[in-house]
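The working numbering applies: residue 32 is where the sequence shown begins, and numbers increase by one.
Just so you know, even glycine gets a beta-carbon here, dropped at the ideal spot from N, CA and C.
Reviewing the structure listed below.
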Amino acid sequence: MNKEKSCILVTGGAGFIGSNFIRYYLTKYPHAQILNVDKLTYAGSTANLDGSEANENYHFIQGDITDEEVVEQLFSDYSIDGIIHFAAESHVDRSIEDASSFIDTNVKGTMILLQAAKRAWEENGKLRTARFHQISTDEVYGSLDHNDKFNEQTPYNPRNPYSASKAGANFLVKSFGSTYGMNIVISSSSNNYGPRQHVEKLIPKIISNALNHQQIPIYGDGRNVRDWLFVEDHCRALDLIYHHGEAMESYNVGGGNEMTNIDLAARICEILDERYPVQKGNLTSFKELITYTEDRPGHDRRYAVDDTKLRETLGWQPIVDMEKGLQQTVEWYGNQWIVLNH
Ligand code: NAD
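Right, dumping it as structure tokens:
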């Protein structure tokens, strides 16, 4: 990587969405430089970026965004003129067990990045032009019961420690925009799915448990609804928002695919049945492995986002329909599973 040439700092780029984004971005913009800083927690893996090390426009640094010295060093060593901030503790269940790492990374880490960026960009005169893009979630809005949807004006109403930490981080980002005039933008997306997601999350867990003939746990009555967004469609939205989103604005990104968890699990099992017919004892379909478990405390019932603003102002729309996205996702995890087990 050419340290004199400007680069985008991507945080958390060894995780699910960050790694998909880096792959997308380096392919779309062959002359752009990306510096990826990631702590490599249990959720991150450099394997998610296999092949990228050969790209001279990409550089990986293992580092913790809650460490002020590490972050300051990045700004003194590289010519960073934009940040896309994915790094986070991201699993709701873990936040319910212990919120401390969520406050450290999601709130304090965001503050350290903001302060370092402010100092560096004030010094080089880029404070009002260099972009700080905060990656957020629709979970900051809380839970929906009826047919309405969250829009960008919906007040934040986080209901678990993960979403509270993300809401706190968003407020900090906004405050650096209004207090210091930083060029900030926030995007809040619905649940992503696709390749390279950690196996603790719903879709990879369904696929992996099924292929290993283990029970597929579904919380409560399985009627919780999520609006699923294929990760590459999210990457396309982030590209537009990073480059063309208005400073100080927030943009919702939705998939337009509302589905209950139980319907989702059943559909994935059907796809698996077609691709990898079950060969185990009395089992005739992977669906027989689905098991209802005690509900998650404070489990939000329904999320759905209204992304009209993104569609109308930046011309985005998802291009991968849910059936095609699920087929592709099952195929990707199936291939991983075959490699691991043969
Ligand atoms: P992930 O858990 O897969 O990846 C997070 C990455 O951040 C990992 O690589 C991890 O090692 C890294 N990280 C964690 N703590 C760090 C620290 N202190 N310093 C540096 N790196 C650290 O998460 P994801 O699903 O890819 O989510 C990325 C972002 O998108 C998060 O901010 C999340 O809140 C948001 N988001 C996710 C979804 C979703 O469906 N996955 C939906 C909406 C928003």
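Beta-carbon proximity of residue i to residue j, cut-off 8 Å
i	j	result
F207	V351	no
S220	Y334	no
D331	E289	no
G329	R125	no
L233	N292	yes
I272	S218	yes
N372	D337	no
I127	P192	yes
L80	Y109	no
S167	N201	yes
T136	I92	no
Y89	L158	no
Q165	V102	no
I238	I321	no
H229	A63	no
Distance between residue j and residue i (C-alpha atoms, nearest Å)
i	j	result
N51	G225	9 Å
G312	Q246	14 Å
Y405	Q310	Missing from the structure shown is residue 405; the chain here goes from 32 to 373 and no further.
S209	E87	37 Å
A78	G46	10 Å
Y323	W347	37 Å
I111	L175	39 Å
E263	Y55	8 Å
A198	G276	20 Å
G94	G49	15 Å
M353	T360	10 Å
G251	R267	34 Å
V370	K236	17 Å
M213	Q104	21 Å
V374	M279	With the chain represented from 32 up to 373, any question about residue 374 goes unanswered, as that position is not in the structure.
V123	S281	23 Å
I53	L269	11 Å
A161	S196	25 Å
F163	S316	47 Å
S194	A130	11 Å
E319	P248	11 Å
E153	S76	33 Å
Y307	R254	27 Å
H265	E100	32 Å
S37	G156	14 Å
T42	E231	21 Å
E84	H177	47 Å
T339	P349	12 Å
N182	E35	41 Å
L341	I215	16 Å
W368	G286	27 Å
D294	R327	18 Å
N33	L345	31 Å
R227	I39	22 Å
K180	V256	12 Å
D98	E305	48 Å
S107	A297	51 Å
E343	G140	33 Å
L57	F133	29 Å
L314	H274	51 Å
E325	G44	33 Å
Proximity test, residue i beta-carbon vs the ligand PLP heavy atom, cut-off 7 Å
i	result
I217	What this structure holds is the ligand NAD, not the ligand PLP.
*Is the region 171 to 184 close to the region 145 to 160, with three or more CB pairs under 8 Å?*
No, the region 171 to 184 does not touch the region 145 to 160.
*Check whether the region 64 to 74 touches the region 111 to 125, taking contact to mean three or more Cβ pairs, one atom from each stretch, closer than 8 Å.*
Note that the region 64 to 74 touches the region 111 to 125; at least 3 beta-carbon pairs, one per stretch, sit closer than 8 Å.
_Would the region 359 to 370 count as touching the region 239 to 259 if we require 3 or more Cβ pairs under 8 Å?_
Cβ pair count under 8 Å is three or more, so yes.
_I want to know whether the region 179 to 190 touches the region 133 to 146 - three or more CB-CB distances under 8 Å._
Touching, no.
_At 3 residues or longer, what runs of the beta strand (DSSP E) sit wholly inside the region 87 to 168?_
Taken in chain order, the complete beta strand (DSSP E) segments of 3 or more residues contained in the region 87 to 168 are 89 to 93, 110 to 116, 162 to 168.
*Tell me the start and end of each unbroken beta strand (DSSP E) in the region 282 to 365 that is at least 3 residues and wholly inside, in chain order.*
Segments of the beta strand (DSSP E) lying fully in the region 282 to 365: 289 to 291, 321 to 324.
_Quick check on the DSSP output: what are the complete beta strand (DSSP E) runs of length 3 or more inside the region 254 to 284, in order along the chain?_
If we require 3 residues or more, the beta strand (DSSP E) runs fully inside the region 254 to 284 come out as 256 to 258, 281 to 284.
*Length at least 4, wholly inside the region 162 to 213: the alpha helix (DSSP H) runs in chain order*: Taken in chain order, the unbroken stretches of alpha helix (DSSP H) that lie wholly in the region 162 to 213 and span 4 residues or more are 192 to 211.
*What are the start and end residues of each continuous alpha helix (DSSP H) run of 4 or more residues lying completely inside the region 40 to 82, in chain order?*
The region 40 to 82 contains these whole alpha helix (DSSP H) runs: 47 to 59.
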